[in-house]
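Worksheet: one structure, shown below.
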Ligand code: GDP
Ligand code: MG
């Protein structure tokens, strides 16, 4: 089982898509292991988006991520990092495929509804960034036998 971070961005909250996006991950069979609303800060976003620090849109991106509170989620499943990333679609909503979250709900690179971790290593780092240990819950999912069978 892998755990991955999803952030429902201000664009998700403002567009009224929190239920729709969360529903997609639940219906796929991912287990919700943690979820909370929080107001992000410039400091945490500078760390979270450090790989984009030299890009001209860096401050715009951080400002957009602070425009409203966000909802941070931890989803768990077999191969969850890649599954969630594929469900989100490529960064630019205009290029993301229909059927993906960004492909269905976004027309922008910046206002693209969700953040998703891009590797198992980064998922672990990012979950630690946004959640305390006791905010991640390891309750048993009773439907697993009907989600995974033997592979
Ligand atoms: P992601 O992993 O698909 O979210 O993409 P990145 O890690 O490359 O970028 C992080 C976030 O920065 C994206 O989700 C967008 O919100 C934002 N972003 C990426 N490229 C652009 C861009 O060209 N312009 C603007 N304004 N924001 C961007
Ligand atoms: Mg990224």
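In this note's numbering, the protein residues as written are -16 to 134.
A virtual CB, placed ideally from N, CA and C, is assigned to each residue, including glycine.
Check                                                                                                                                                     : Outcome
By the 10 Å Cβ neighbour count, where 16 or more other Cβ atoms means buried, how is residue 70 classified, buried or exposed?                            : buried
Pull the bridge partners of residue 14 from the DSSP assignment, please.                                                                                  : 59
For residue 140, verify whether its CB is less than 6 Å away from any heavy atom of the ligand GDP.                                                       : Examination of residue 140 is not possible in this model, given that the chain is present from -16 through 134 alone.
If we ignore side chains and look at the alpha-carbon of each, how far apart do residue 7 and residue 58 end up?                                          : 12 Å
In the DSSP assignment, find the beta strand (DSSP E) that holds residue 98 and state where it starts and stops.                                          : 97 to 99
What's the gap between the Cα of residue 46 and the Cα of residue 68?                                                                                     : 23 Å
Identify the continuous beta strand (DSSP E) that holds residue 143 and give its terminal residues.                                                       : Given a span of -16 to 134 for the chain in the structure shown, any question on residue 143 remains unanswerable.
For the ligand MG, is there a heavy atom less than 6 Å away from the beta-carbon of residue 65?                                                           : no
Locate the alpha helix (DSSP H) running through residue -14, then write down its first and last residues.                                                 : Here residue -14 belongs to no alpha helix (DSSP H); instead the beta strand (DSSP E) covers -15 to -9.
Measuring CB atoms only, is the stretch 18 to 34 touching the stretch 108 to 118, in the sense that at least three cross pairs come out at less than 8 Å? : yes
Would the stretch 40 to 55 count as touching the stretch 70 to 89 if we require 3 or more Cβ pairs under 8 Å?                                             : no
Whole-angstrom Cβ separation of residue 136 and residue 82, contact assumed at under 8 Å?                                                                 : The chain is shown only over -16 to 134; residue 136 falls outside these bounds and no answer can be derived.
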